[in-house]
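Numbering-wise (my numbering), the sequence shown opens with residue 285 and increments by one.
Just so you know, even glycine gets a beta-carbon here, dropped at the ideal spot from N, CA and C.
A quick write-up on the structure given underneath.
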Amino acid sequence: MTTAPHPLAAVAEVADGVHAYVQDPGGWCVSNAGIVTGDQGAVVIDTLATRSRAEALRAAVDRVSAGPRRVLVNTHHHGDHVFGNDVFEPTAVVVAHENAVDELVETGLALTALWPEVAWGDPRLVLPTITFDDRIALRIGERRLELIHVGPAHTSNDVVVWLPEDRVLFAGDVLMSGCTPFSLMGSVAGTLAAIERLARLDPVTVVCGHGPVAGPEVLEANATYLRWIQDLAAAGRAAGCTPLQTARATPLGEYGELLDPERIVGNLHRAFAELDPDGRSAVDVPHVFEEMITYNGGRRPTCLA
Ligand SMILES: [Zn+2]
Numbered sequence: 285m286t287t288a289p290h291p292l293a294a295v296a297e298v299a300d301g302v303h304a305y306v307q308d309p310g311g312w313c314v315s316n317a318g319i320v321t322g323d324q325g326a327v328v329i330d331t332l333a334t335r336s337r338a339e340a341l342r343a344a345v346d347r348v349s350a351g352p353r354r355v356l357v358n359t360h361h362h363g364d365h366v367f368g369n370d371v372f373e374p375t376a377v378v379v380a381h382e383n384a385v386d387e388l389v390e391t392g393l394a395l396t397a398l399w400p401e402v403a404w405g406d407p408r409l410v411l412p413t414i415t416f417d418d419r420i421a422l423r424i425g426e427r428r429l430e431l432i433h434v435g436p437a438h439t440s441n442d443v444v445v446w447l448p449e450d451r452v453l454f455a456g457d458v459l460m461s462g463c464t465p466f467s468l469m470g471s472v473a474g475t476l477a478a479i480e481r482l483a484r485l486d487p488v489t490v491v492c493g494h495g496p497v498a499g500p501e502v503l504e505a506n507a508t509y510l511r512w513i514q515d516l517a518a519a520g521r522a523a524g525c526t527p528l529q530t531a532r533a534t535p536l537g538e539y540g541e542l543l544d545p546e547r548i549v550g551n552l553h554r555a556f557a558e559l560d561p562d563g564r565s566a567v568d569v570p571h572v573f574e575e576m577i578t579y580n581g582g583r584r585p586t587c588l589a
């Protein structure tokens, strides 16, 4: 069953009572959510970026859910996955990885400053109420949802939601569908390790943090891109180039068809840092965003939130 509850989104039932809430076209801050229903209510996976988008999600949850209980899962601390927590207040329980709390407190509403023209709707941070380190299981009716920390990958605190009976995986931003993967704030090598773990789950349906619902092929597509980044970083560093110089000298080829190609600069910064013997030297994230703008010829990355 597919319905269109909002001009910006479509809800697809990918298994009985399991819904992918997909926002077109993906890309910066245009993120997806998930809704898993049971007799008492729903588990909502991620809560979107702007108030209007989050309110549309809440209305979609109310439409498909039989009961009033709401448990939110934040797959990581980025604003486009957590700002909408507020519209589910005051009763929602929010579950996230332990690291998400410090990251949320530290970054706050910084995302809104990157794209001040977006109608954010006066977001207010709602911090997680239940956190965990490695894994935790949620129950909704008889269905079991496994929340697994697979970071550092896209960030330090990536959580995927795995439905073993339906073999549906909500991957957060560890995996991107039709969009460029992005490991600047986490780890390129860590994302590749996470993808190996996710492949062992053997999912049939994969709902990525951004872009259309995918099948298992999306795992290898993301891994192929990230291995390419690692190879580019090794060659660029050997040639004495910076990450930005390496990106500018590299034809994107098939990866140019993915949304947000400027992420190559951020991915290369992280991959360069991971070539250091001590594993991870510091990467200046705000500076890297400036370099992504430089890579784009002075144009800020496109945000359609
Ligand atoms: Zn993210």
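Residue i Cβ short of 7 Å to ligand 2 heavy atom set
i      : result
His438 : No copy of ligand 2 occurs in the structure displayed; its ligands are ligand 1 alone.
Same chain, Cβ closer than 6 Å to residue i, five either side skipped, listed in chain order
i      : result
Asp330 : Ala317, Thr359 and His365
Ala288 : The predicted position of Ala288 is uncertain, since its pLDDT is 41 and thus under 50; no value can be drawn from it.
Ala437 : Val458, Gly470, Gly474, Thr475 and Ala478
Val355 : Val327 and Val377
Cys313 : Ala333, Asp364, Cys587 and Ala589
Ligand 1 heavy atom lying under 7 Å from the CB of residue i
i      : result
His381 : no
His433 : no
Asp330 : no
Gly493 : yes
Asp544 : no
Asp568 : no
Asp370 : no
Own chain residues within Cβ distance below 7 Å of residue i, not counting five before or after
i      : result
Leu341 : Tyr305, Ala317, Thr331, Leu332 and Gly368
Arg481 : Val434
Trp446 : Glu430, Ile432, Leu453 and Leu485
Per-residue DSSP class, three states only, for residue i
i      : result
Gln307 : strand
Thr286 : In this predicted model, Thr286 has a pLDDT of only 41, less than 50, meaning its place in the structure is not dependable; the value taken from the coordinates is given anyway. Strand.
Ala299 : strand
Gly363 : helix
Thr391 : helix
Thr396 : helix
Gly368 : helix
Val410 : coil
Leu429 : strand
Val348 : helix
Leu356 : strand
Ile434 : The identity of residue 434 in the sequence shown is Val, whereas the question assumes Ile. Residue state, collapsed to three classes: coil.
Between the CA atoms of residue j and residue i - distance to the nearest angstrom
i      : j      : result
Met576 : Gly322 : 43 Å
Asp418 : Cys492 : 20 Å
Val444 : Ala455 : 5 Å
Ile594 : His381 : The requested residue 594 does not occur in the structure, where the chain is confined to residues 285 to 589.
Pro496 : Val488 : 14 Å
Leu507 : Leu542 : Checking the sequence, you will find Ala at residue 507 rather than Leu. Between Ala507 and Leu542, the C-alpha separation is close to 14 Å.
Ala498 : Thr526 : 34 Å
Glu387 : Glu538 : 34 Å
Pro561 : Arg423 : 43 Å
Val374 : Val572 : At residue 374 the sequence reads Pro, which differs from the Val that was named. Their Cα atoms are separated by approximately 37 Å.
His490 : Arg583 : Strictly speaking, residue 490 in this sequence is Val, with His absent from that position. C-alpha separation (whole angstroms): 32 Å.
Thr464 : Gly540 : 9 Å
Ala531 : His553 : 10 Å
Pro570 : Ala344 : 35 Å
Close Cβ partners of residue i (< 8 Å) along its chain, the five nearest in sequence each way excluded
i      : result
Thr396 : Gly363, Val402, Trp404 and Pro407
Scan the stretch 446-521 and note each continuous beta strand (DSSP E) run of 3 residues or more that stays entirely inside, going in chain order. If we require 3 residues or more, the beta strand (DSSP E) runs fully inside the stretch 446-521 come out as 452-456 and 489-492.
Every unbroken alpha helix (DSSP H) inside the stretch 515-587 [4 residues or more]: The alpha helix (DSSP H) runs of length 4 or more contained entirely in the stretch 515-587 are, from start to end of the chain, 527-532, 547-558 and 569-579.
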